[in-house]
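J.:
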Amino acid sequence: MSITPELSFFPWKPACWLRVQGPDAFSFLQGQFSNDLRGLAGGLGGDSGVSGGDEAAVFSALARAVYGLWLDRKGRILGDGFVLRVGEECFFICSYETSGAALRAHLESFIIADEVELFDETAEVLGLTFFLKEGVPFSLDLARAGRVFEGRRGARAIECVGPAAACAELIAQLNPKMELSAAEMERRRILAKVPAVPRDLGSADLPQEGGASFEQSAVSYTKGCYLGQEVMSRLRSMGRVRRSLVLVRSEGIAPSELPAPLYLGEKRVGEMRSVVADETPGGFVGLASVSLHGLPTGSLRLSLSANGPAALSAELPTA
527 MSITPELSFF PWKPACWLRV QGPDAFSFLQ GQFSNDLRGL AGGLGGDSGV SGGDEAAVFS
587 ALARAVYGLW LDRKGRILGD GFVLRVGEEC FFICSYETSG AALRAHLESF IIADEVELFD
647 ETAEVLGLTF FLKEGVPFSL DLARAGRVFE GRRGARAIEC VGPAAACAEL IAQLNPKMEL
707 SAAEMERRRI LAKVPAVPRD LGSADLPQEG GASFEQSAVS YTKGCYLGQE VMSRLRSMGR
767 VRRSLVLVRS EGIAPSELPA PLYLGEKRVG EMRSVVADET PGGFVGLASV SLHGLPTGSL
827 RLSLSANGPA ALSAELPTA
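Laid out in structure tokens, this is it:
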């Protein structure tokens with residue numbers, strides 16, 4: 527196997543890797559998932575032969591995967607993940623942080639007369655994120671290691687999820703100097719304002735509170751009925767939600783416990799959901815859920831205590 531030494535990578539453990547199969551698997555998932563899975567019907571992508579070539583060739587060979595959410599009847603977020611189709615009646619559900627056991631229990635509670643079965647294979651797999659480098663050919667035969675698809679790590683990033691032994695064997699052949707730390711991955715995610723579910727958006731939150739980009743990537747308004755769909759339609763017609771997830775920066779000390787309350791003067795206006803050390807020594811960046819009610823749009827200076835020093839800067843959306 528030819529290894530690209532300039533290829534940066536990140537090993538990770540999926541929180542969820544469910545296999546869903548049966549004659550009704552597609553219709554069942556389509557009725558539970560916030561995004562449209564009909565694009566998966568055009569072709570199967572489970573045995574992607576991603577082995578090399580330029581960037582266009584690599585991405586054209588990826589498995590078909592759709593990102594979306596699992597909602598309750600009130601439209602609140604229970605979890606997120608990717609749905610991959612690997613056969614006529616077989617799918618996989620993958621999530622970075624949403625519990626596989628919890629998601630399986632939630633989905634099975636809606637199985638009545640559907641011919642569908644769910645199997646939790648989370649304990650058996652590992653994940654690898656690879657960041658393609660512009661102008662550098664990709665030369666890894668990932669089909670031997672697992673299912674390969676485009677995730678939510680930013681441009682030129684692909685995911686490989688497969689049996690733990692196969693992924694460990696692949697890791698052993700990579701250049702350890704190119705391995706990215708968990709802190710670096712968290713910093714990239716936060717700076718890109720990509721919510722982690724359920725840390726940044728969870729059971730008390732609506733998809734629209736994640737911002738326009740998150741809403742557009744995770745929610746379909748044209749697919750028809752699914753759990754939470756009526757609430758999504760009402761929110762779309764009503765306009766703005768009352769809270770929004772925003773990027774926060776500070777040169778101060780990060781809160782030791784999360785979620786941490788945020789204040790504008792003496793008024794509590796939100797809470798920090800995730801933080802990581804900034805590239806600037808002594809500072810941090812994070813994502814916070816902030817109220818839009820009664821606050822000015824644009825730049826705000828917030829604090830971690832009532833009437834405390836306004837050491838945190840946040841940018842509220844204008845619409």
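For the sequence shown, counting from 1, position 55 maps to 581 in this note's numbering; every step adds exactly one.
A virtual CB, placed ideally from N, CA and C, is assigned to each residue, including glycine.
#1: Which first and last residues belong to the beta strand (DSSP E) in which Glu676 is found?
#2: Within its chain, find whatever has a CB closer than 7 angstroms to the CB of Val723; leave out the 5 residues flanking it on each side and keep chain order.
#3: With a cut-off of 8 angstroms on the beta carbons, I'd call Ala803 and Ala708 a contact; round off their distance for me.
#4: DSSP state of Ala627, grouped into three classes?
#5: Output needed for Cys542: all residues of its chain with C-beta closer than 7 angstroms, excluding positions within five of it in sequence on either side, in chain order.
#6: Would the segment 698 to 708 and the segment 756 to 766 be scored as touching if the rule is three or more Cβ pairs under 8 angstroms?
#7: Any idea if Cys686 is buried or exposed, counting beta-carbon neighbours within 10 angstroms, 16 or more meaning buried?
#8: Starting from Arg713, trace the alpha helix (DSSP H) both ways and give me its first and last residue.
#9: Would you mind giving the Cβ-Cβ distance between Ser815 and Glu797, rounded to the nearest angstrom? I have them listed as a contact below 8 angstroms.
#10: Closest to Glu712 by C-alpha separation, out of Ala738, Leu727, Ala694 and Arg679, would be which residue?
#11: Assuming Val795 and Ala780 form a contact by the criterion Cβ under 8 angstroms, report the distance between their Cβ atoms to the nearest whole angstrom.
#12: Flag this pair as yes or no: are the beta carbons of Arg725 and Arg670 separated by less than 7 angstroms?
#13: According to DSSP, is Leu652 part of a helix, a strand, or is it coil?
#14: Of all the options Ile697, Ala690 and Leu668, which has the alpha carbon lying nearest to the alpha carbon of Ile684?
#15: According to DSSP, what are the bridge partners of Gln547?
#16: By alpha-carbon positions, which one of Asp646, Arg673 and Phe554 ends up nearest to Val612?
#17: To the nearest angstrom, how far is it from the Cα of Gly820 to the Cα of Leu842?
#18: Should Gly594 and Ser560 be called a contact, given that it needs their Cβ atoms to be closer than 7 angstroms?
#19: Indicate the three-state DSSP secondary structure (helix, strand or coil) for Cys751 in the structure shown.
#20: By the three-class DSSP mapping on this structure, what secondary structure does Ala803 have?
#21: Indicate the three-state DSSP secondary structure (helix, strand or coil) for Ala786 in the structure shown.
#22: Less than 8 angstroms between the CB atoms is what I'm expecting for Leu700 and Phe535, so what's the real figure, rounded?
#23: Who are the Cβ neighbours of Gly824 in its own chain at under 8 angstroms, not counting the five residues just before and after it?
#24: Please list the terminal residues of the continuous alpha helix (DSSP H) segment that includes Ile697.
#25: Note down the Cα distance separating Pro702 from Trp538, rounded to an integer number of angstroms.
#26: Would the beta-carbon of Gln734 fall within 7 angstroms of that of Val767?
T.: In brief:
#1: Stepping through the sequence shown from its first residue, residue 676 is reached at position 150. Neither: Glu676 is in no beta strand (DSSP E) and is coded neither H nor E.
#2: Counted from its first residue, the sequence shown places residue 723 at position 197. The residues are Ile603, Gly605, Asp606, Glu623 and Thr624.
#3: Position 277 of the sequence shown holds residue 803. Position 182 of the sequence shown holds residue 708. Between Ala708 and Ala803 the Cβ distance is about 12 angstroms, and since that is not below 8 angstroms, they are no contact.
#4: By one-based count along the sequence shown, residue 627 stands at place 101. Residue state, collapsed to three classes: helix.
#5: Here residue 542 corresponds to residue number 16 of the sequence shown, with the count starting at 1. Cβ neighbours of Cys542 beyond the five flanking positions: Gly607, Ile619, Cys620, Ser621, Thr624, Ser625, Gly626, Leu629 and Thr648.
#6: no
#7: Reading the sequence shown from its first residue, position 160 is the one you call residue 686. Buried, since its Cβ has 16 or more Cβ neighbours within 10 Å.
#8: Taking the sequence shown and counting its residues from 1, one reaches residue 713 at position 187. It spans Ala708 to Leu717 - the alpha helix (DSSP H) in which Arg713 sits, taken as one unbroken run.
#9: As a first step, residue 815 must be located in the sequence shown, where it is residue number 289. As a first step, residue 797 must be located in the sequence shown, where it is residue number 271. Taking a contact as a CB-CB distance under 8 angstroms, the pair Ser815 and Glu797 counts as one, their CB atoms being some 6 angstroms apart.
#10: Here the question's residue 712 lines up with position 186 in the sequence shown. Checking every option, the nearest Cα to that of Glu712 belongs to Arg679.
#11: Counting from 1 along the sequence shown, the entry for residue 795 is found at position 269. Counting from 1 along the sequence shown, the entry for residue 780 is found at position 254. The C-beta distance from Val795 to Ala780 rounds to 19 angstroms, too long to meet the 8 angstroms contact threshold.
#12: Indexing the sequence shown from 1 puts residue 725 at position 199. Indexing the sequence shown from 1 puts residue 670 at position 144. Not in contact: Arg725 and Arg670 (Cβ atoms no closer than 7 angstroms).
#13: In the sequence shown, counting from the first residue as 1, residue 652 sits at position 126. It is a strand residue.
#14: In the sequence shown, counting from the first residue as 1, residue 684 sits at position 158. Answer by Cα proximity: Leu668.
#15: In the sequence shown, residue 547 corresponds to position 21, counting from 1. Cys616 and Glu643, per the DSSP bridge assignment.
#16: Sequence index remark: in the sequence shown, residue 612 carries index 86 (1-based). For the residues Asp646, Arg673 and Phe554, the minimum Cα distance to Val612 belongs to Arg673.
#17: The count along the sequence shown starts at 1 and reaches residue 820 at position 294. The count along the sequence shown starts at 1 and reaches residue 842 at position 316. When rounded, the distance between both Cα atoms is 12 angstroms.
#18: Translated into the one-based positions of the sequence shown, residue 594 becomes position 68. Translated into the one-based positions of the sequence shown, residue 560 becomes position 34. The answer is yes: Cβ separation under 7 angstroms.
#19: Within the sequence shown, residue 751 is the residue found at index 225, counting from 1. Coil at Cys751, not helix or strand.
#20: Start at 1 with the first residue of the sequence shown, and residue 803 comes out as number 277. Note: Ala803 maps to strand in three-state DSSP.
#21: Here residue 786 corresponds to residue number 260 of the sequence shown, with the count starting at 1. Of the three classes helix, strand and coil, the one that applies to Ala786 here is strand, per DSSP.
#22: For the purposes of this step, residue 700 is taken as residue 174 along the sequence shown, with counting starting at 1. For the purposes of this step, residue 535 is taken as residue 9 along the sequence shown, with counting starting at 1. Right, their Cβ atoms sit about 6 angstroms apart.
#23: For the purposes of this step, residue 824 is taken as the residue at position 298 of the sequence shown. The residues are Glu841, Leu842 and Thr844.
#24: Working through the sequence shown from its first residue, we reach residue 697 at position 171. Looking at the DSSP string, the run of the alpha helix (DSSP H) that includes Ile697 is Ala690 to Ala698.
#25: Taking the first residue of the sequence shown as position 1, residue 702 is located at position 176. Taking the first residue of the sequence shown as position 1, residue 538 is located at position 12. Their Cα atoms are separated by approximately 15 angstroms.
#26: Locating residue 734 in the sequence shown gives position 208, where the first residue counts as 1. Locating residue 767 in the sequence shown gives position 241, where the first residue counts as 1. Yes, these two residues count as a Cβ contact at 7 angstroms.
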